[in-house]
Every structure is written in structure tokens, then in C-alpha cells.
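Structure first, commentary second.
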Amino acid sequence: AQSVTQLGSHVSVSEGALVLLRCNYSSSVPPYLFWYVQYPNQGLQLLLKYTSAATLVKGINGFEAEFKKSETSFHLTKPSAHMSDAAEYFCAVSESSNYKLTFGKGTLLTVNP
Amino acid sequence: KAGVTQTPRYLIKTRGQQVTLSCSPISGHRSVSWYQQTPGQGLQFLFEYFSETQRNKGNFPGRFSGRQFSNSRSEMNVSTLELGDSALYLCASSLAGGTNPYNEQFFGPGTRLTVL
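Top to bottom, those sequences are chains G and U.
Taking our numbering, the leading residue of the first sequence gets 138, the next gets one more, and so forth.
Taking our numbering, the leading residue of the second sequence gets 1286, the next gets one more, and so forth.
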């Protein structure tokens, strides 16, 4: 069975600082990995996805993530936080072609001025 | 292109009642998935439909059911509502199939269900 662990339910950074949100997964098959963002009272928006091509994936809004098979990790980073990045972030895994996303518990990102 | 739409956006019901939620996918998308989001359990997969057939199902009781119509629109139904069914219900649509082994899921804004 697949599962996702997001370390840190709440991360607080200063504006302009590095953002690092951690995600570890387990999957019995090569996984598809995703990061989604959720703003208050909204649905989920895809930031980026890993689908077995390049291990370093670039997404929207300056975010990127690196797939490390040996560490079963897919951490999300952004060099410089902006106030508009404040939201909840979810890491998710899917086994090929089954379209069932398994989500982590989410990490709430706060950006301080 | 219009996004995924869900109706209604907010709903208040009482225990024992039943409820039907509706989801209209992005035009051309044939796969529709449903998720339940609660503070305690997070985001959990309910089921996925493709071409009017349920392809995947999560670990929810039989009170939760769904269907998909020929135009890909989907509904989910919850019967005999319990307090614990209060949640944000999210619908996602995807192209599915084709040459890509996995297509991105696009989420709607959700329906906030409150059970009193």
C-alpha cells in the first residue's frame, strides 16, 4: 500500500527566506508524486508532478522538488518565500494508472513579513 | 476552458438525512474522482469513475455511493448522514487514457457539508 508522510504540520518562514517542505513516501511500485497547494476556502491546485522523467521537477510560482529514490523523498523547495505563498501544501502519491491519490496530512506554511 | 464546478458550495443537513453532491468536470475529461477532506483524517479518496464505471473505491462505508453520467458529470450520494460526515467534499477530473500514463487531476472548489 502506498503512503505519504509530511514532516511538520506547520512551517513558518520569513519573507525572502528559503521554503523547505518535507515529504517521504512509500510505494510498492514506481510512484507518481505530486505537490498540491490549497488556499483558504478553495480546492487544490497542482504545483508540480514527478512522473519518472527528470528527478528535479520545476513547478509553478517558483517551486521545485527533487525525487530521491534512495531516500524515498520528494521535498518541495522555493528559494525565496513570498507572502502570497502562505497556504496549506499537500504531498500526494499515486501508483501508475490507478488515479487514486494518497495524500499526506498537509503542511501549513506561514510567511512572516 | 471552464474548470471543475461543484454544486452546491455549501450544504447543511441533519443526522439521518441523505445528500447528493454534483460535479461537472472540465470539458473532455472522462475521469472523475471524489475526495473527502476533514481536519482529523485529512484528504481521503472516495471513488473514481471513468466512462460511467467505477474503477477505484476507497475505504468508506456503503452509505457513500456515486455515479457518472454519459456526459461525464458525476454525483455522489451519502445516505443516513452522521455527524462525522461533515467535511469538504472535493471532486477532481482528469483526461485519463491517451498516451500519457498519468494525467493531471484538476480539482473543483469543493462542497462544504455540515451535518447537525
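Glycine residues also receive a C-beta, built at the ideal position from the N, C-alpha and C atoms.
Backbone CA spacing between residue 1341/U and residue 1319/U [nearest angstrom]: Position 56 of the second sequence, counted from the start, is the residue given in the question as residue 1341/U. Position 34 of the second sequence, counted from the start, is the residue given in the question as residue 1319/U. One C-alpha to the other measures close to 10 Å.
Sequence-distant residues of the same chain with beta carbon closer than 6 Å to residue 1350/U, five excluded per side: In the second sequence, residue 1350/U corresponds to position 65, counting from 1. For residue 1350/U, where only same-chain residues beyond five positions count, the Cβ hits under 6 Å are 1362.
Could you say if the segment 152-171 of chain G and the segment 202-220 of chain G meet the contact criterion of at least three C-beta pairs nearer than 8 Å? yes
Does residue 1311/U come out as helix, strand or coil in the three-state DSSP assignment? The residue you call residue 1311/U lines up with position 26 of the second sequence. If DSSP states are grouped into helix, strand and coil, residue 1311/U belongs with coil.
Can you list the residues of chain U that residue 139/G reaches, using a CB-CB cut of under 8 Å? Counting from 1 along the first sequence, the entry for residue 139/G is found at position 2. Here the premise fails: no neighbours, minimum Cβ distance about 11 Å.
If you run the structure through DSSP and keep just helix, strand and coil, what is residue 1369/U? Looking up residue 1369/U in the second sequence gives position 84. Three-state result, residue 1369/U: helix.
Under 8 Å between C-beta atoms, does residue 1330/U make it to chain G? Locating residue 1330/U in the second sequence gives position 45, counting from the first residue. So yes, residue 1330/U belongs to the interface.
Flag residue 196/G as yes if its beta-carbon sits less than 8 Å from any beta-carbon of chain U, otherwise no. Taking the first sequence and counting its residues from 1, the one referred to as residue 196/G is at position 59. Not an interface residue.
By a C-beta neighbour count over all protein chains shown, 10 Å radius and 16 as the cutoff for buried, is residue 1326/U buried or exposed? By 1-based counting over the second sequence, the position of residue 1326/U is 41. So residue 1326/U ends up on the exposed side.
Residues near residue 237/G in its chain [Cβ-Cβ closer than 8 Å; skip 5 each side]: Taking the first residue of the first sequence as position 1, residue 237/G is located at position 100. Beyond the five residues adjoining it in sequence on each side, residue 237/G comes within less than 8 Å, by CB distance, of 231 in the same chain, given in chain order.
Straight-line gap, residue 287/G to residue 229/G (C-alpha atoms, nearest Å): Residue 287/G lies beyond the residue range present for chain G, which begins at 138 and ends at 250; the question has no answer from this structure.
If the cut is a Cβ gap below 7 Å, which residues of chain U does residue 183/G touch? By 1-based counting over the first sequence, the position of residue 183/G is 46. For residue 183/G, the residues of chain U that pass the 7 Å Cβ criterion are 1389, in the order they occur in the chain.
Once the 5 residues before and after residue 195/G are set aside, which same chain residues still bring their CB inside 6 Å of it? Taking the first sequence and counting its residues from 1, one reaches residue 195/G at position 58. Same-chain partners within the cutoff: 201.
With DSSP as the reference, label residue 180/G as helix, strand or coil. For the purposes of this step, residue 180/G is taken as the residue at position 43 of the first sequence. Residue 180/G: coil per DSSP, three-state reduction.
Is there a C-beta anywhere in chain G that falls below 8 Å from the one on residue 1336/U? Walking along the second sequence from the start, residue 1336/U turns up at place 51. No, residue 1336/U does not count as interfacial toward chain G.
Distance, Cα to Cα, residue 219/G vs residue 1308/U? Residue 219/G sits at position 82 when you count from the first residue of the first sequence. Residue 1308/U sits at position 23 when you count from the first residue of the second sequence. Cα to Cα, residue 219/G sits roughly 33 Å from residue 1308/U.
Pull up the distance between the alpha-carbon of residue 1331/U and that of residue 1313/U, whole angstroms please. On the second sequence, residue 1331/U is found 46 positions in, with the first residue counted as 1. On the second sequence, residue 1313/U is found 28 positions in, with the first residue counted as 1. If I take the Cα positions, the gap works out to 22 Å.
Whose CA, out of 152/G, 186/G, 176/G, lies closest to the CA of residue 1394/U? Numbered from 1 along the second sequence, position 109 holds the residue referred to as residue 1394/U. Ranking the options by Cα distance to residue 1394/U, first place goes to 176/G.
Using 10 angstroms around the beta-carbon of residue 1303/U, count the other beta-carbons present and answer buried if the total reaches 16, otherwise exposed. Taking the second sequence and counting its residues from 1, the one referred to as residue 1303/U is at position 18. Result: exposed.
Helix, strand or coil: which one does DSSP assign to residue 146/G? As a first step, residue 146/G is located in the first sequence; it is residue number 9 there, counting from the start. DSSP places residue 146/G in coil when its eight states are reduced to three.
Kindly indicate the opening and closing residues of the beta strand (DSSP E) around residue 1400/U. Looking up residue 1400/U in the second sequence gives position 115. Element bounds for residue 1400/U: 1396-1400.
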